[in-house]
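Residue numbers (this note's numbering): 20 to 286.
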């Protein structure tokens with residue numbers, strides 16, 4: 020059997036970038052094995068007349084993150100008090116209850132026209148969105164633009180947001196706790212935009228917002244009712260553009276969903 024050739028540096032870098040590894044933590048590589056094998060450094064002698072230093076408590080390095088139930092309750096209270104989208108954005112900028120805020124570059128609030136009749140909601144920002152501060156601006160964003168353009172929409176006639184407004188480190192999947200902490204904000208976001216049609220992109224946003232455990236293969240193309248407390252909004256799940264990039268054979272089904280959306284908007 021002929022061994023496979025070793026990957027080039029360019030191929031390795033492309034692999035790491037695709038896996039979400041997009042930043043270095045140190046200037047020089049660290050040999051962890053050498054650290055394990057190296058003998059521990061000899062303790063320095065402390066002069067007899069010098070007082071022994073007292074270790075600072077761990078809480079001195081930063082305030083502890085609030086417990087999840089406290090953070091969720093705080094998010095609910097904050098979101099409920101937002102009278103406008105501008106106020107909601109400011110509240111989210113100042114919210115300290117979600118640890119993702121401290122690892123992300125910036126808040127990714129929304130893009131598009133808040134007066135639009137249709138609102139698209141994805142799961143969470145990626146690397147490109149974290150850099151630019153706007154949702155769906157990377158490869159999946161370009162595909163989303165093509166998808167909505169196929170039914171006569173663009174970012175001036177649609178509104179786009181995510182359930183999670185901060186990028187998870189390395190594009191990892193948000194935890195259930197992180198999702199529940201951020202949920203009141205996107206719920207209030209939808210209430211304030213008050214669209215006629217809500218489109219959930221992919222499994223996580225569909226299950227989170229529509230309260231279903233079914234996978235996207237069973238929910239896509241089916242109309243749901245999304246209750247804001249003031250009115251009922253028609254909601255349609257469809258595939259996330261990132262999934263369509265990985266599985267282009269499902270674009271045909273996504274096109275059927277888009278046609279159903281266009282029909283409702285035209286009615």
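The beta-carbon is built from N, C-alpha and C at its ideal position, and this holds for glycine as well.
Go ahead and pull the three-state DSSP assignment for residue 253.
Reduced to three states, the DSSP call for residue 253 is strand.
Considering only residues of the same chain and omitting the five flanking positions on each side of residue 129, which have a CB-CB separation below 6 Å?
Correct list, in chain order: 180.
Can you give the Cα-Cα distance for residue 152 and residue 141, rounded to whole angstroms?
About 15 Å.
Relative to the C-alpha of residue 158, which candidate in 273, 286, 260 has its C-alpha closest?
Of 273, 286, 260, the residue nearest in Cα terms is 260.
Mapping the DSSP letters down to three states, classify residue 170 as helix, strand or coil.
In this structure, residue 170 counts as coil in the three-state DSSP scheme.
Given a cut-off of 9 Å, decide if residue 228 and residue 184 are closer than it, judged by their beta-carbon atoms.
No, these two residues do not count as a Cβ contact at 9 Å.
By Cβ distance below 8 Å, which residues in the same chain neighbour residue 93 in space, the five residues on each side in sequence not counted?
Only 85, 114, 116 meet the Cβ criterion.
Whole-angstrom Cβ separation of residue 211 and residue 104, contact assumed at under 8 Å?
With a Cβ gap of about 5 Å, residue 211 and residue 104 count as contacting.
On a Cα-Cα basis, can you pick out the residue from 238, 220, 225 that is closest to residue 166?
That would be 220, whose Cα lies nearest to the Cα of residue 166.
Looking only at its chain, what residues have a beta carbon closer than 6 Å to the beta carbon of residue 90, apart from the 5 residues adjacent to it on each side?
Here the set comprises 116, 200.
Could you tell me the alpha carbon to alpha carbon distance between residue 138 and residue 173, rounded to whole angstroms?
The alpha-carbon atoms of residue 138 and residue 173 are separated by roughly 12 Å.
Taking the runs of the beta strand (DSSP E) that are 3 residues or longer, which of them lie wholly in the segment 214-279?
Counting only runs of 3 or more, we get 216-220, 243-246, 251-257.
Where do the N-terminal and C-terminal ends of the alpha helix (DSSP H) with residue 204 fall, by residue?
195-212 is the span of the alpha helix (DSSP H), which, as asked, contains residue 204.
Under the assumption that residue 216 contacts residue 136 (Cβ atoms under 8 Å), give the Cβ distance between them as a whole number of angstroms.
Indeed, because the Cβ distance is near 6 Å, the residues count as touching under 8 Å.
Which one or two residues does DSSP pair with residue 127 in a beta bridge?
DSSP output for residue 127 lists no bridge partner at all.
Return helix, strand or coil for residue 106, following the three-state DSSP convention.
DSSP places residue 106 in helix when its eight states are reduced to three.
Confirm, please, whether the CB-CB distance from residue 252 to residue 213 is below 9 Å.
Yes, Cβ-Cβ distance for residue 213 and residue 252 is below 9 Å.
With distances taken Cα to Cα, identify the nearest neighbour of residue 207 among 88, 27, 96.
If we check each option's Cα against that of residue 207, 96 comes out closest.
Spatial neighbours of residue 231 within its chain, please: CB distance less than 8 Å, with the 5 preceding and 5 following residues excluded, ordered by chain position.
Hits under 8 Å: 225, 238, 243.
On the CB-based measure, 16 or more other CB atoms within 10 Å of its CB, does residue 267 come out buried or exposed?
The residue in question, residue 267, is exposed, as its Cβ has fewer than 16 Cβ neighbours within 10 Å.
Judging by CA-CA distance, which residue of 29, 168, 202 is the nearest neighbour of residue 278?
The option with the nearest alpha carbon to residue 278 is 168.
What are the start and end residues of the beta strand (DSSP E) that includes residue 137?
Looking at the DSSP string, the run of the beta strand (DSSP E) that includes residue 137 is 137-141.
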